Amino acid sequence: MTKSVKTLAILALFTIGITNATAQDIPNDSYEQKFKLGIGASVGYPFEDPYNLNVGGDVRLQYDLSKRYSLTATTGFNNLFVTGEDNDLGYIPAKLGFKAFVLKDRFYLMGEAGAAFAVTNNYNDKSLLLSPSIGYATKYIDISVRYEYLPDFPALRNNNPDNGLGQVALRLAYGFKL
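Under mature numbering (1 follows the signal peptide of the UniProt record, and there is no 0), the residues of the sequence shown are numbered -23 to -1, 1 to 155, in order.
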């Protein structure tokens, strides 16, 4: 777990360095700070057994601080499919994040952190949730790839119970101004 946290911390510092290196101080007094709402669907590949697939949907509220930087709040529902009957793990993520556009106001890097609350099949677990992502956004469409790490959800490694679930997911969303 500590290696994953160190890796995520290095990725976050790298992201901040890239955005500071590519940001330009262009005065834009007419930029209107605004809220946006995005509704998305995602499919993911978990790296740990016994999970096979993750399918979910989410709602993301975004507040634009400037043309390049935004704050985000994301929630939804994800279902991790497990081989066997009634073993799936459904959870509700609750994440806050920071989004930075790094290339021509279309490509972005984002980091989110929060919690995941298991809600199905007698799972009473909750977990920290760390989620860096990279994406491409237009006026209405948002496509991104994210890595999610849930250190407190059960996983099997070499037939031994262990904690920690890592997965990669593709998200497609429709967004609009509020």
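Glycine is no exception: its CB is placed at the ideal position from the N, C-alpha and C atoms.
Quick caveat: nothing in here was measured; it's all calculated off a predicted structure.
From the listed residues Arg148, Tyr151 and Pro131, the smallest Cα separation to Asp65 is found for Pro131.
Rounded to whole angstroms, the separation of the alpha carbons of Met87 and Phe78 is 9 Å. Note: Asn140 is bridge-paired with Pro131 in the DSSP secondary-structure output.
With distances taken between CA atoms, Asp119 lies nearest to Arg83 out of Glu125, Ala95, Arg83 and Pro109.
Val32 has its alpha-carbon roughly 23 Å from the corresponding atom of Tyr85. Here Ser47 has Gln39, Tyr40, Asp41 and Lys76 as same chain residues with Cβ atoms under 7 Å from its own Cβ, once five neighbours each way along the sequence are excluded. Taking the Cα of Gly17 as reference, the smallest distance to any Cα among Asp26, Arg37, Gln10 and Glu25 is reached at Arg37. Between Ala71 and Ser104, the alpha-carbon positions lie close to 10 Å from each other.
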